[in-house]
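Chains as they are written, first to last, in the numbering used here: chain U, 187 to 449; chain B, 187 to 449.
Just so you know, even glycine gets a beta-carbon here, dropped at the ideal spot from N, CA and C.
What you are looking at is a predicted structure, and each value in this text was computed from that prediction instead of being measured.
I have placed the structure first, in the form of C-alpha cells, so that the comments after it can refer back to it.
Printed below as a string of C-alpha cells:
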C-alpha cells in the first residue's frame with residue numbers, strides 16, 4: 187500500500203500517475219479538505235498538520251508516503267522524515283531533480299501558488315545548483331482547474347495563461363516546473379502558449395516516478411492489487427465532484443470522511 | 187459598536203458602506219481568513235464557524251451584527267438569530283428586498299458563489315414573491331477580486347464576466363443581484379457588459395442600509411465615534427494588503443490576529 191496526502195485534492199494528480207506507472211499498488215489518499223489551504227498558514231501549523239496527515243496514513247501500514255502538497259513538501263519534509271519509519275517522497279525535490287536534468291540553457295521558471303513561491307523552496311534548491319530561476323506566482327490557476335476551466339481553447343484559460351506565462355518567455359526559460367499539483371491539468375494550455383521547445387515538468391508525476399524507482403530498487407513492488415481509497419476531512423460529495431476533473435472517473439463510492447484532528 | 191463578519195475580506199464592502207452611511211458608528215470586523223473559503227464547506231461546518239465568529243464579536247457588546255458573508259447569510263441565519271441576543275442582519279434578505287423594489291419586468295438574475303447558489307437562498311426568497319429567477323454561480327469572481335483583477339479592461343476580467351453574464355442577458359433580467367460581497371468590486375466590469383439599463387444590486391451595501399434603518403428606528407444611532415478595528419484568523423499583513431483593494435486605504439495598524447478556534 188502507498189499513502190498519498192495533500193492539503194486538498196491537487197494530489198490526485200499524483201494518484202493518477204501512480205495508477206499509470208504502478209497499476210498493481212493499492213493507494214490510500216488523504217485530502218485535508220477541511221483545513222485547506224495550507225499555504226497561508228505558519229510553518230509550525232503546517233508541520234503539525236503534515237504529521238497528523240501522515241499518522242492517519244500510517245495506520246494502513248504503507249510501504250512509502252508521497253507528499254503531494256507543495257506547501258508540506260517545501261517546509262515539513264525533515265519533520266516527516268525524522269518521524270516516520272517509511273520512505274517519504276515530496277513533490278518539490280522530485281520536480282527539482284527532473285528540471286535540472288531537463289534544462290539545457292540553465293534557465294528554469296517555476297510556477298506555483300503564492301505561498302509556494304513565497305516559501306522560496308524551489309528557488310533555493312535550484313539556485314544551489316547554479317541555474318537561473320524565475321519564480322511566477324499563479325494564484326488564479328487553482329480556481330480555474332477546480333472549476334473545470336482547463337481546456338486550451340477556453341478564453342479565460344488562454345488569457346490567464348498568457349498573463350502569467352509571458353514572463354517565462356521573455357526570461358528565456360527552456361524548462362518550466364509546474365510546481366503545484368493542480369497545474370498538470372493546464373499543461374496543454376501552457377504548452378500551447380510557450381511552444382513545444384519548452385519542457386514542462388509535472389511535479390506530481392515526477393514524485394510518483396521517484397516513488398516507483400524507490401520501490402523497484404528496494405524490491406518492494408506489489409504483485410497484485412490496485413485498489414484506491416480516498417479520505418477527506420470535509421464533505422466527500424464536493425471532493426468526489428471535483429476529483430472527476432483530475433481522475434476522469436467517479437470515485438464517490440470510495441470516499442470517506444474522517445476527523446483528522448483526532449490524529 | 188457594530189459587529190461585522192465574513193469568511194474572509196469581502197465583508198469589507200459592507201464596512202465601506204457603513205462608514206459612508208453611519209460614519210459615527212464604531213465598527214469591529216472579523217474576517218476568518220484562516221478558514222476561508224466557507225463556500226465549499228458543508229452546512230454543519232459553516233454553522234459551526236458562523237457561531238464562533240459571532241461569539242468573538244459578542245465580546246465587544248455590539249448593538250447589532252451584520253453578516254457580510256453570502257454563504258453564512260444563506261445557510262446559518264436561523265442558527266445565529268436563535269443564539270444571539272442582538273439583531274442579526276444578513277446580506278441575502280437585504281439584497282432580495284432591494285431587488286424586488288428595483289425590478290420592473292420581474293426577471294431577476296442572481297450572481298453568487300457556488301455554495302450560495304446551491305443553497306437556493308436567494309432563489310427561494312425571490313420565487314416566493316412571484317418573480318422569475320436565473321441563478322448564476324460565479325466561482326472565479328472571488329479569486330479574481332482577491333488577486334486585484336477588477337479593472338473592466340483587464341482581459342481576464344472581461345472574458346470571465348462575459349462567460350458568466352451572457353446568460354443573464356439572454357434571460358432578459360432587468361435586475362442583477364451581486365450576491366457576494368466581493369462582487370461590488372467588479373460592478374463596473376459587469377455594468378459595462380450588461381449595459382446601463384440593467385440595475386445592479388449590491389448586497390453588501392444593501393445590508394449596511396438595512397442596519398442603518400434598524401438602528402434609526404430603534405433610536406440607537408451613535409452620537410460620535412467611527413473607529414474601525416479589524417481582526418483576522420491568519421496573517422494580518424496579507425489581509426491588510428488585500429483590504430486596500432476594498433477600502434482604498436491602509437489599515438495595517440488596525441488589524442490584529444486572533445485564534446478563532448478558541449471561541
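For residue i and residue j, what's the separation of their Cα atoms in angstroms?
{"i": "residue 276 (chain U)", "j": "residue 415 (chain B)", "result": "41 Å"}
{"i": "residue 325 (chain U)", "j": "residue 421 (chain B)", "result": "17 Å"}
{"i": "residue 238 (chain U)", "j": "residue 426 (chain U)", "result": "22 Å"}
{"i": "residue 190 (chain U)", "j": "residue 432 (chain U)", "result": "15 Å"}
{"i": "residue 333 (chain U)", "j": "residue 242 (chain B)", "result": "33 Å"}
{"i": "residue 217 (chain U)", "j": "residue 195 (chain U)", "result": "6 Å"}
{"i": "residue 287 (chain U)", "j": "residue 383 (chain U)", "result": "15 Å"}
{"i": "residue 417 (chain B)", "j": "residue 439 (chain B)", "result": "11 Å"}
{"i": "residue 298 (chain U)", "j": "residue 445 (chain B)", "result": "28 Å"}
{"i": "residue 215 (chain U)", "j": "residue 292 (chain B)", "result": "48 Å"}
{"i": "residue 232 (chain B)", "j": "residue 391 (chain B)", "result": "23 Å"}
{"i": "residue 322 (chain U)", "j": "residue 349 (chain U)", "result": "11 Å"}
{"i": "residue 371 (chain B)", "j": "residue 316 (chain B)", "result": "30 Å"}
{"i": "residue 201 (chain U)", "j": "residue 302 (chain U)", "result": "21 Å"}
{"i": "residue 345 (chain U)", "j": "residue 358 (chain U)", "result": "20 Å"}
{"i": "residue 377 (chain B)", "j": "residue 252 (chain B)", "result": "26 Å"}
{"i": "residue 375 (chain U)", "j": "residue 343 (chain U)", "result": "7 Å"}
{"i": "residue 436 (chain B)", "j": "residue 441 (chain U)", "result": "45 Å"}
{"i": "residue 271 (chain U)", "j": "residue 399 (chain U)", "result": "19 Å"}
{"i": "residue 403 (chain B)", "j": "residue 295 (chain U)", "result": "60 Å"}
{"i": "residue 234 (chain U)", "j": "residue 304 (chain U)", "result": "20 Å"}
{"i": "residue 204 (chain U)", "j": "residue 430 (chain B)", "result": "44 Å"}
{"i": "residue 281 (chain B)", "j": "residue 394 (chain B)", "result": "10 Å"}
{"i": "residue 273 (chain B)", "j": "residue 250 (chain B)", "result": "5 Å"}
{"i": "residue 494 (chain U)", "j": "residue 284 (chain B)", "result": "With chain U represented from 187 up to 449, any question about residue 494 (chain U) goes unanswered, as that position is not in the structure."}
{"i": "residue 463 (chain U)", "j": "residue 245 (chain U)", "result": "Outside the shown range of chain U (187 to 449) lies residue 463 (chain U), about which nothing can therefore be said."}
{"i": "residue 423 (chain B)", "j": "residue 300 (chain U)", "result": "14 Å"}
{"i": "residue 354 (chain B)", "j": "residue 330 (chain B)", "result": "20 Å"}
{"i": "residue 373 (chain B)", "j": "residue 206 (chain B)", "result": "18 Å"}
{"i": "residue 247 (chain U)", "j": "residue 318 (chain B)", "result": "56 Å"}
Count the other C-beta atoms from every protein chain shown that fall within 10 angstroms of the C-beta of residue i, then say buried if there are 16 or more, exposed otherwise.
{"i": "residue 396 (chain U)", "result": "buried"}
{"i": "residue 366 (chain U)", "result": "buried"}
{"i": "residue 313 (chain U)", "result": "exposed"}
{"i": "residue 356 (chain U)", "result": "exposed"}
{"i": "residue 352 (chain B)", "result": "exposed"}
{"i": "residue 228 (chain U)", "result": "exposed"}
{"i": "residue 193 (chain U)", "result": "buried"}
{"i": "residue 448 (chain B)", "result": "exposed"}
{"i": "residue 289 (chain B)", "result": "buried"}
{"i": "residue 279 (chain U)", "result": "buried"}
{"i": "residue 412 (chain U)", "result": "exposed"}
{"i": "residue 197 (chain B)", "result": "buried"}
{"i": "residue 230 (chain B)", "result": "exposed"}
{"i": "residue 381 (chain U)", "result": "exposed"}
Note the first and the last residue of the continuous beta strand (DSSP E) segment covering residue i.
{"i": "residue 297 (chain B)", "result": "293-298"}
{"i": "residue 450 (chain U)", "result": "A question about residue 450 (chain U) goes unanswered here, because the residues of chain U that appear run from 187 up to 449."}
{"i": "residue 415 (chain U)", "result": "414-418"}
Looking at the unbroken alpha helix (DSSP H) that takes in residue i, where does it start and where does it end?
{"i": "residue 241 (chain U)", "result": "229-244"}
{"i": "residue 442 (chain B)", "result": "First-last for residue 442 (chain B): 441-443, but that is the beta strand (DSSP E), not the alpha helix (DSSP H)."}
{"i": "residue 134 (chain U)", "result": "Since the first residue shown for chain U is 187 and the last is 449, residue 134 (chain U) is missing from the structure and cannot be characterised."}
{"i": "residue 437 (chain B)", "result": "Where residue 437 (chain B) is concerned, there is no enclosing alpha helix (DSSP H), given that its DSSP letter is neither H nor E."}
{"i": "residue 199 (chain U)", "result": "198-207"}
{"i": "residue 447 (chain U)", "result": "Element bounds for residue 447 (chain U): n/a, residue is neither H nor E."}
{"i": "residue 427 (chain B)", "result": "422-433"}
{"i": "residue 313 (chain U)", "result": "307-313"}
Under the criterion of a Cβ to heavy atom distance below 8 Å, does residue i qualify as lining the ligand PLP?
{"i": "residue 280 (chain B)", "result": "You won't find the ligand PLP in this model; it holds no ligand whatsoever."}
So that I know if they touch, is there some Cβ in chain D lying closer than 9 Å to that of residue i?
{"i": "residue 448 (chain U)", "result": "In the structure shown, chain D cannot be found, because the protein chains are U and B."}
Three CB pairs or more closer than 8 Å across the stretch 357-365 of chain U and the stretch 386-396 of chain U: yes
Minimum length 3: unbroken beta strand (DSSP E) runs contained in the stretch 321-389 of chain U: 361-364, 385-388
Stretch pair the stretch 237-257 of chain U + the stretch 206-224 of chain U: three plus CB contacts closer than 8 Å: yes
Stretch pair the stretch 199-218 of chain U + the stretch 397-413 of chain U: three plus CB contacts closer than 8 Å: yes
Whole runs of the beta strand (DSSP E) within the stretch 252-277 of chain B, excluding any shorter than 3 residues: 274-276
Three-pair Cβ contact test at 8 Å for the stretch 336-346 of chain U versus the stretch 258-274 of chain U: no
The stretch 266-273 of chain U / the stretch 302-313 of chain U touching (three or more Cβ pairs under 8 Å): no
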